[in-house]
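Scroll down for the structure; my scribbles are underneath it.
Residue numbers (the working numbering): 89 to 536.
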């Protein structure tokens, strides 16, 4: 059995069967467990010995294994509550017929087909079509073998669970709270929609990869897992992401974000070689998802930002426009993997950005170019070897604005360094490096 608890794992834990149900369920509201922003568990039993006494709406990345076999019915709403990519962690794939997926057949079929992306074949899962299999109940559909529990599906996408004619679960009422994933996306977008922080050009390192920005819009290389927290800290409006580049597709990190795009009717361009994007498009038909191959891609944003794929590699060529007071441009090469790096360096881009793992393989090649090179901390522990060296290390969770300067006064006008420091920076590079690395002769013997 499960009971309310202040412990981790969503506030539920296994308790002894010696307890009586009245010790756990003191009122109808105690039957509802909100274990995650979009995962709701409802207890329908009368004793601690009841078989499969739970109903699940949504899903949860940390679903306890003890709870999975106790769930009788799985509700699939039209709004796809939960994250469909996490369903694999909420079921016993070897005992699929024991669970019933309940909802409109069309949306349930899309939901189950989507699981093929993760290697799951749910062909044998039991499906209850609320329109066809339960016609005698009209708008009220029996979702449990226990007669006192009734599930009501509404045409506006709402779903209620009634116990003895009393509502113990109202999906619309719960999802109107700030805690749901949908609402968190909405709040984040509303909070940062008018921000001018990203009016210029540059990149933000989110997770272990860059998101390139230009005139407030973003293009993401891969997509971070914990993006809501990162976007909140960095002031990024998720609605301003207009393109994604995925040489290797991981829909677990994408699914929740695309569900928000679907619910808000937004559009996005995704470059990926995987055909799994078609399942994503089918599941989230409300979003305008345009898919093209990553290999050989050529993309031009409305702002003028251009991104191309270096053939037969995971690497990109990015063209930033108007990054100087004189309206000059900058061509940056992003090197994710070492393949093709020699040819990229020969092109002499204005800037090279390399993940540290790729940098380890191309460090010697970089000695043949005068182009500045920035290295992304991609989680490789060896990146600490670069501390104090000549290479600029780009850290996760930091925004890096990109400027190109032709005269010293332009530097001061943008950065505000002051005339003296600006003059030193724009002076002799070797002399400045020697000054910065020279020992402090004025310090005391103990380093004070």
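We treat Cβ as the ideally placed atom computed from N, Cα and C, and that holds for glycine.
Counting of Cβ neighbours within 10 angstroms places residue 486 among the exposed residues, the total staying below 16.
No residue range can be given for residue 400, since it is assigned to no alpha helix (DSSP H) and is classified by DSSP as neither H nor E. Ranking 309, 339, 392 and 165 by CA distance to the CA of residue 464 puts 309 first. For residue 382, no beta strand (DSSP E) encloses it, and the DSSP letter there is neither H nor E. For residue 424, the number of other beta carbons within 10 angstroms of its own is at least 16, and it is reported as buried. For residue 134, the closest of 192, 127 and 142 by C-alpha to C-alpha distance is 142. Taking 8 Å as the cut-off, the Cβ atoms of residue 421 and residue 437 count as close. In this structure the region 252–268 does not lie against the region 362–378, because fewer than three pairs of beta carbons, one per stretch, are closer than 8 Å. Taking the Cβ atoms as the reference, residue 411 lies roughly 17 Å from residue 482, outside the contact range of under 8 Å. Beta-bridge analysis with DSSP links residue 369 to no other residue.
One alpha carbon belongs to residue 183, the other to residue 448, and they sit about 47 Å apart. Counting other Cβ atoms within 10 Å of its Cβ, residue 117 stays below 16 and is therefore classed as exposed. Non-local beta-carbon contacts of residue 216 in its own chain, meaning distances under 6 Å to residues more than five positions away in sequence, involve 188 and 190 in chain order. According to the DSSP assignment, residue 421 belongs to the beta strand (DSSP E) that extends over 418–423.
Under the DSSP assignment, residue 318 falls outside any beta strand (DSSP E), being part of the alpha helix (DSSP H) whose first and last residues are 315–322.
In chain order, 398, 400, 401 and 403 place their CB closer than 7 Å to the CB of residue 428, counting only its own chain and leaving out the 5 sequence neighbours on each side.
Rounded to whole angstroms, the Cβ separation of residue 333 and residue 361 is 11 Å, and the two are not in contact under 8 Å. In the DSSP assignment, residue 444 falls within the alpha helix (DSSP H) that extends over 444–454. By the 16-neighbour rule on beta-carbons within 10 angstroms, residue 171 is buried. Here the alpha carbon of residue 250 sits roughly 13 Å from the alpha carbon of residue 242. Inter-segment contact for the region 273–290 and the region 469–478 is absent: fewer than three beta-carbon pairs are separated by less than 8 Å. For residue 167 and residue 274, the gap between their C-alpha atoms comes out near 15 Å.
When secondary structure is reduced to three states using DSSP, residue 207 falls in the coil class, being assigned neither helix nor strand. For the pair residue 352 and residue 259, the CB atoms are not nearer than the 8 Å cut-off.
Under the three-state reduction of DSSP, residue 134 is assigned to coil, being neither helix nor strand.
Bridge pairing for residue 249: 239 and 257 [DSSP]. Where residue 160 is concerned, the enclosing beta strand (DSSP E) starts and stops at 159–163. If you ignore the 5 residues before and after residue 468, its C-beta comes within less than 7 Å of the C-beta of 444 and 445, all in its own chain and listed in chain order.
Setting aside the 5 residues that flank it on each side, residue 218 is surrounded in the same chain by 190, 191, 192, 229 and 241, each with a C-beta closer than 7 Å to its C-beta; the list follows chain order. Looking at the DSSP output, residue 406 bridges to 395 and 420. DSSP places residue 201 in the helix class (H, G or I) of the three-state scheme.
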